[in-house]
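First comes the structure, then the notes that go with it.
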Amino acid sequence: MSKAQREAATRARRDRVRAEAAHTITEGDVPDVTKYALIIAFLSGGKDGQTALRVVADRARASGRLDRLHVVHADLGEAEWEGSVDLARAQAAAAAVPGERFHVVARTITTADGSRVREGLLTLVRRRGAWPDATNRYCTSAMKRDASAPLVTKLVNWYDPGRTYPGPVPVLIIMGMRAEEGPERAAKPSYRRDPRLTNKRRRHVDLWLPVHTWRLADIWSDIHTSNVPYSPVYDSTPGARDGLGLRRHSSRLCPLMTKSDLVASARRDPETAAQYAAVEAEIGHDFKHGLPMAHIVELAQNPDANEEETERGALFEAPSLTTHALAARR
Ligand code: SF4
Numbered sequence: 000m001s002k003a004q005r006e007a008a009t010r011a012r013r014d015r016v017r018a019e020a021a022h023t024i025t026e027g028d029v030p031d032v033t034k035y036a037l038i039i040a041f042l043s044g045g046k047d048g049q050t051a052l053r054v055v056a057d058r059a060r061a062s063g064r065l066d067r068l069h070v071v072h073a074d075l076g077e078a079e080w081e082g083s084v085d086l087a088r089a090q091a092a093a094a095a096v097p098g099e100r101f102h103v104v105a106r107t108i109t110t111a112d113g114s115r116v117r118e119g120l121l122t123l124v125r126r127r128g129a130w131p132d133a134t135n136r137y138c139t140s141a142m143k144r145d146a147s148a149p150l151v152t153k154l155v156n157w158y159d160p161g162r163t164y165p166g167p168v169p170v171l172i173i174m175g176m177r178a179e180e181g182p183e184r185a186a187k188p189s190y191r192r193d194p195r196l197t198n199k200r201r202r203h204v205d206l207w208l209p210v211h212t213w214r215l216a217d218i219w220s221d222i223h224t225s226n227v228p229y230s231p232v233y234d235s236t237p238g239a240r241d242g243l244g245l246r247r248h249s250s251r252l253c254p255l256m257t258k259s260d261l262v263a264s265a266r267r268d269p270e271t272a273a274q275y276a277a278v279e280a281e282i283g284h285d286f287k288h289g290l291p292m293a294h295i296v297e298l299a300q301n302p303d304a305n306e307e308e309t310e311r312g313a314l315f316e317a318p319s320l321t322t323h324a325l326a327a328r329r
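Counting in numbering that gives the first Met the number 0, the sequence shown runs from 0 upward without gaps.
The following block contains the structure:
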């Protein structure tokens, strides 16, 4: 696909996504949570998701709807940091979501003999022969969205076993994306219908990004105020509380990560980086455009490498409470 074709496809995708903002259950930029039969928050264990969960839990509690809030962790298997499931469970419990409403989903595929088996990210990449990138994040849809679709169906059936609900059951999905993370995310309406999970007869699914406008500093301010556990990968060493670790938690190594984060991640987990480099060599496709995993591994082995990026100290800068961020929680 040429650059012009890629840009046209991106524009068309943005237009489609923007149009979905006109079809939500309630009007405006912020949903009325009382109008939803189910609220489902996705939680990787990362920083933005845990604050987004607190925002929606506060709203649900204030309107007596906390019992409708479920939390889903999409288990990425070997691609995610150890302890992510337990961390997400602890964050859900801190938001008063009990174990029976905390769900773990994982991608499964049907093998040639008809049995269902789990498929991890590396196997998926090998099968496709290419790594995901910013314009084709097939891993997100395969490992998270598609893996959770059966659970959404199950929860809708659990809520309305007799299928007597008048019209499609209204479901609100919560995610922790923020505009600051990049132009693609900034362009998305923070409250919109999810056409892929919506099924005209059975369920209407809207998506809300409660921390879409939040600044990074506000997220950290909220996390430190809450005292809820956060991923140790954000710190230089577990417990340091210095914000000198990675910027992202979800996957150990992601083509969307910055070079410095990739090198830092490969230093923390050289074994996984070596596995990724082996898959890269096998499929003949660079992990990240212009930055092969083989080079990341080399940089990780050189203690003097990658000193040019020093901006990560900004993680814990003073909160910019000029945004409506924290106020939106109440
Ligand atoms: S974090 Fe990166 S590698 Fe992991 S699922 Fe998301 S886009 Fe894919």
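Think of the CB as a built atom: it goes at the ideal place given N, C-alpha and C, for glycine as much as any other residue.
Out of the options, which has the shortest C-alpha to C-alpha gap to residue i?
{"i": "residue 245", "options": "238, 230 and 254", "result": "230"}
{"i": "residue 292", "options": "303, 302 and 270", "result": "270"}
{"i": "residue 14", "options": "163, 36 and 188", "result": "188"}
{"i": "residue 51", "options": "200, 225 and 267", "result": "225"}
{"i": "residue 142", "options": "92, 288 and 74", "result": "74"}
{"i": "residue 131", "options": "279, 304 and 297", "result": "279"}
{"i": "residue 173", "options": "114, 91 and 234", "result": "91"}
{"i": "residue 87", "options": "42, 34 and 272", "result": "42"}
{"i": "residue 227", "options": "160, 94 and 263", "result": "94"}
Nearer than 7 Å: is that true of the beta carbon of residue i relative to any heavy atom of the ligand SF4?
{"i": "residue 160", "result": "no"}
{"i": "residue 75", "result": "yes"}
{"i": "residue 257", "result": "no"}
{"i": "residue 249", "result": "yes"}
{"i": "residue 134", "result": "no"}
{"i": "residue 271", "result": "no"}
{"i": "residue 131", "result": "yes"}
{"i": "residue 0", "result": "no"}
{"i": "residue 142", "result": "yes"}
{"i": "residue 334", "result": "As shown, the chain starts at 0 and ends at 329. That puts residue 334 outside it, with no answer to give."}
State the DSSP-derived secondary structure class of residue i, mapped to helix, strand or coil.
{"i": "residue 212", "result": "coil"}
{"i": "residue 245", "result": "coil"}
{"i": "residue 151", "result": "helix"}
{"i": "residue 132", "result": "strand"}
{"i": "residue 156", "result": "helix"}
{"i": "residue 10", "result": "helix"}
{"i": "residue 203", "result": "strand"}
{"i": "residue 34", "result": "helix"}
{"i": "residue 164", "result": "coil"}
{"i": "residue 1", "result": "coil"}
{"i": "residue 307", "result": "Note that residue 307 scores a pLDDT of 49, beneath 50, so its modelled location is shaky and nothing firm can be said."}
{"i": "residue 187", "result": "coil"}
{"i": "residue 123", "result": "helix"}
{"i": "residue 88", "result": "helix"}
{"i": "residue 322", "result": "Because residue 322 carries a pLDDT of 35, less than 50, the predicted location of this residue cannot be relied on, and the following value inherits that uncertainty. In the structure shown, residue 322 sits in coil (DSSP, three-state: anything other than H, G, I, E or B)."}
{"i": "residue 54", "result": "helix"}
Less than 8 Å between the CB atoms is what I'm expecting for residue i and residue j, so what's the real figure, rounded?
{"i": "residue 78", "j": "residue 105", "result": "No, residue 78 and residue 105 are not in contact; Cβ-Cβ is about 11 Å, not under 8 Å."}
{"i": "residue 39", "j": "residue 170", "result": "6 Å"}
{"i": "residue 68", "j": "residue 100", "result": "7 Å"}
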